[in-house]
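Student:
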Amino acid sequence: LKPNCAIFIKLLLVQCLAIGCVSKDFDFFYLVQQGPGSYCDTRQSRCYQTTGKPKTDFGIHGLWPNYNDDSYPSNYDPNSPYVQSKVPMSY
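Read in order, the letters of the sequence shown correspond to residues -23 to -1, 1 to 68 in mature numbering (1 follows the signal peptide of the UniProt record, and there is no 0).
1. Is it true that the CB of H38 sits closer than 8 Å to the CB of Q10?
2. Under 8 Å between the Cβ atoms of Y44 and F3?
3. Going by DSSP in three states, N43 sits in which element: helix, strand or coil?
4. Taking DSSP as the reference, what is the three-state secondary structure of F35?
5. Taking the alpha carbon of P50 as the point to measure from, which residue in L(-12), S57, W41 has its own alpha carbon closest?
6. Spatial neighbours of Y7 within its chain, please: C-beta separation below 7 Å, excluding the five flanking residues on both sides.
7. One question on the structure: do G12 and F35 come within less than 8 Å of each other, judged by their Cβ atoms?
8. Quick check: the Cα distance between K(-14) and S57, rounded to an integer number of angstroms?
9. Taking the continuous beta strand (DSSP E) assigned at V9, which residues delimit it?
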C-alpha cells in the first residue's frame, strides 16, 4: 500500500504544479528523478554503502520547463560579466 500512496502523492504534486503553469509560456515540464544507486555510482564507484544497501526510493532531481522545439528557458547572457561580489556567500 505504501508504494501506491507515494505514487499518488507524486502525481498529485505534479498536477498541482501544472495548474500554476497555465499562465506560463512553457510547453511542458520534465519531472526528473534520481535513484540513490545512481548517486552512489557517481560518487563512490559502487552502489552499496559501507552501512548497507542504499534506500530504494527515488528523489526529485528537478522539474524543468521546456519548449516543443527542444529549447528551454535560460537567463544566461554571454555579454554580462561575472562579478564575484554580486554572488551572495552563505553556508
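Each residue gets a CB set at the ideal place from its N, CA and C atoms; glycine is no exception.
Tutor: According to the structure data:
1. yes
2. yes
3. Strand.
4. coil
5. W41
6. W41, N43
7. yes
8. 38 Å
9. 5 to 11
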